[in-house]
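Mapping of the sequence shown onto this note's numbering: residues 34 to 429, in sequence order.
In this text, a Cβ means the ideal position worked out from N, Cα and C, and glycines have one as well.
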Amino acid sequence: MKEDVKGLYTLILEKKELFSDLARSIWENPELAYQEFFACKKQFEVLEKLQFALPVNPYCGLETAYRAEFTNGEGGPTVGICSEYDALPGLGHGCGHNLICTAALAAFYALREVMKKENIAGKVVLFGTPAEESYGGKVKMLEKNCLDDVDMVIMTHPSARCIQDAGSTAITRYDVTFHGKAAHAAGSPELGINALDAVMLLFNAVNSFRQQMPDCCRVHGIVMDGGDAPNIIPEKASCRFFLRSLEQKWMRKLDERFLNMVRGAELMTDAKAEVKLFNIPYKGRLPNKVMNESFYEYASLLDMEPLRPSVPGKGSSDFGDFSRQKPGVHFYFAATTSPAAGHSAEMREACNTPFALDQALRASAVMAQICLQFLTDAGYRQAVRKDYESASVKDS
Ligand SMILES: [Zn+2]
Ligand SMILES: [Zn+2]
Numbered sequence: 034m035k036e037d038v039k040g041l042y043t044l045i046l047e048k049k050e051l052f053s054d055l056a057r058s059i060w061e062n063p064e065l066a067y068q069e070f071f072a073c074k075k076q077f078e079v080l081e082k083l084q085f086a087l088p089v090n091p092y093c094g095l096e097t098a099y100r101a102e103f104t105n106g107e108g109g110p111t112v113g114i115c116s117e118y119d120a121l122p123g124l125g126h127g128c129g130h131n132l133i134c135t136a137a138l139a140a141f142y143a144l145r146e147v148m149k150k151e152n153i154a155g156k157v158v159l160f161g162t163p164a165e166e167s168y169g170g171k172v173k174m175l176e177k178n179c180l181d182d183v184d185m186v187i188m189t190h191p192s193a194r195c196i197q198d199a200g201s202t203a204i205t206r207y208d209v210t211f212h213g214k215a216a217h218a219a220g221s222p223e224l225g226i227n228a229l230d231a232v233m234l235l236f237n238a239v240n241s242f243r244q245q246m247p248d249c250c251r252v253h254g255i256v257m258d259g260g261d262a263p264n265i266i267p268e269k270a271s272c273r274f275f276l277r278s279l280e281q282k283w284m285r286k287l288d289e290r291f292l293n294m295v296r297g298a299e300l301m302t303d304a305k306a307e308v309k310l311f312n313i314p315y316k317g318r319l320p321n322k323v324m325n326e327s328f329y330e331y332a333s334l335l336d337m338e339p340l341r342p343s344v345p346g347k348g349s350s351d352f353g354d355f356s357r358q359k360p361g362v363h364f365y366f367a368a369t370t371s372p373a374a375g376h377s378a379e380m381r382e383a384c385n386t387p388f389a390l391d392q393a394l395r396a397s398a399v400m401a402q403i404c405l406q407f408l409t410d411a412g413y414r415q416a417v418r419k420d421y422e423s424a425s426v427k428d429s
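Written out as structure tokens, the structure reads:
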């Protein structure tokens, strides 16, 4: 493999105008989960300008999912690159997914150019994955076996720091509604069943359990509905909880324990619980150590000043499910040099700056270089696979 990461970055810069227009226009037109029609159209336009065949869309039964691919030569491995492009309610591109799709397309383009020039055999698949922030487009796509013919998956995400993939937590989200019986709170309270008491007992149970939770877990809830008036025993009260864990084993324990607590609140109050999943559960991410180290090496060569994480990542992403299916890595590039939080107005503004775009394009060169190494080096593929298998066994 003659191409190096600096050469890939230079190659990508030749199309900088196209990529910067893509990043800016999607940032200016934020779309929520499964409504990303403009973002798809813009990405397809760019792919067409770069002389790619039109993607398969809709894909896996999702209107705003797509699959684009190209093959070079005979045989060879298949690598997958993930594009994300959904925005946040009320916050626009506060998670910077406008830069994720831009970096994904840039890497896709660079790979084709180099594979053609250097006669590298293999296939590259670009996955358009909608609704990451809420409804788990990738989980839905996996139900249709989208990764069956792929040997590894990769993506990059903006952050306040350029940092390796630190993993992410599995998440289950519950909506719990308790149904009781209304009664005059002063005149005939003995006729009522207090649904709000059930909600409060559930919160207390979760808070008591918190002391015995390991650090890999996080649980947080809000009250959605606490009744109508103090002089009416609340007939209905509801709450929403997010349960997270870095370990699948603890995710299962959290789920079980939480549902038992709901049962307990029922028994203590006579209110009846209605439990629904809010959005699809995501699995925790398994960062591939071998590809994570390659990221560190190549990002250093491009002066991105990468860091190694000191603690595991506590957020959640549907790439977790992808990384459980096939070896995967999800590293971060810096969209800003200030300490902006993810999902904030500061991060949104940062994700539309020339600095952020440049870092996204550097990250795309890093992705392309990792893919090239995977495509051309059997020993590397073996090492990637081995790490994936041992991590999967350790956390199943
Ligand atoms: Zn986000
Ligand atoms: Zn995100």
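Asked	Found
Going by beta-carbon coordinates alone, are C384 and L132 separated by less than 8 Å?	yes
Are G375 and S192 closer than 8 Å when you measure CB to CB?	yes
Is the beta carbon of E166 within less than 7 Å of some heavy atom of ligand 1?	yes
Could you tell me whether any non-hydrogen atom of ligand 2 is closer than 7 Å to the CB of C195?	no
Between the beta-carbon of N178 and the beta-carbon of A218, is there less than 8 Å?	no
Tell me the DSSP secondary structure of E102 in three-state form.	strand
M185 to P267, Cα distance in whole Å?	52 Å
Figure out for me which residue from K419, T409, Q402 has the closest Cα to the Cα of L41.	Q402
Going by CA-CA distance only, name the one from L138, G254, K305 that's closest to K75.	L138
Would you call the region 138–153 and the region 109–117 touching, i.e. three or more CB-CB distances under 8 Å?	yes
Using 10 angstroms around the beta-carbon of E69, count the other beta-carbons present and answer buried if the total reaches 16, otherwise exposed.	buried
By a C-beta neighbour count over all protein chains shown, 10 Å radius and 16 as the cutoff for buried, is E307 buried or exposed?	exposed
Cβ of C128 within 7 Å of any heavy atom in ligand 2?	yes
Of the residues E166, R357, D336, R414, which one's Cα is nearest the Cα of G123?	E166
Enumerate, from N- to C-terminal direction, the unbroken beta strand (DSSP E) stretches of 3 or more residues contained entirely within the region 91–164.	99–105, 111–116, 155–161
Near N237, which residues of its chain fall below 6 Å by C-beta distance, leaving aside the five closest residues on each side in sequence?	none
Within the present structure, is the beta-carbon of H376 separated from the nearest heavy atom of ligand 1 by less than 7 Å?	yes
Any chance the CB of H190 is under 7 Å from a heavy atom of ligand 2?	yes
Unbroken beta strand (DSSP E) runs of length 3 or more, entirely within the region 170–212: which are they?	185–192, 203–212
For R145, I'd like the list of residues in its chain whose CB is within less than 6 Å of its CB, leaving aside the five on either flank, ordered along the chain.	F103
Below 8 Å on the Cβ atoms is my contact criterion, and I expect Q392 with M337 to pass it. Report the Cβ-Cβ distance as a whole number of Å.	7 Å
To the nearest whole angstrom, what separates the beta carbons of T205 and P314, a pair I think is in contact under 8 Å?	4 Å
Using DSSP with H/G/I as helix, E/B as strand and the rest coil, what is S429?	coil
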